[in-house]
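Visitor: The opening residue of the sequence shown carries number 15 in our numbering; numbering runs sequentially from there. Backbone N, C-alpha and C fix where the C-beta goes; we use that ideal spot for every residue, glycine too. Bear in mind that the values here come from a model prediction, so they are computed numbers and not experimental data.
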Amino acid sequence: MIIHELNWLWSLLGIALFCAFIALLICKTIYKQASMKVLIIVAVIGFLLGVLGVFIYASQAMPL
15 MIIHELNWLW
25 SLLGIALFCA
35 FIALLICKTI
45 YKQASMKVLI
55 IVAVIGFLLG
65 VLGVFIYASQ
75 AMPL
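1. What is the DSSP secondary structure of Y71, reduced to helix, strand or coil?
2. Taking 7 Å as the limit between beta carbons, can you name the residues of its chain near A57, skipping five residues before and five after?
3. For S49, which three-state DSSP category applies?
4. State whether the region 21-35 contacts the region 58-67, with contact taken as three or more CB pairs (one from each stretch) at a distance under 8 Å.
5. How big is the Cα-Cα spacing for I17 and A75?
6. Excluding the five sequence neighbours on either side, which residues of its own chain have a C-beta within less than 7 Å of the C-beta of I55, listed in chain order?
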């Protein structure tokens with residue numbers, strides 16, 4: 015049971031980090047001279063949106 019919960023946690027973190035990385039790349043390509051503060055804020059927002067998206071997706075009932 016605990017292994018299943020840890021697997022879910024690592025999946026959630028992986029998806030959220032991937033979303034943060036993509037948001038960071040998009041921001042970096044659009045704004046060539048973006049400051050480090052802006053890039054960190056974009057990465058944090060991307061991470062939080064990734065976590066929120068996984069929670070919304072997980073709350074939907076799966077058909078059996």
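Guide: From the atom records:
1. helix
2. A34, A37, L38
3. coil
4. yes
5. 22 Å
6. none
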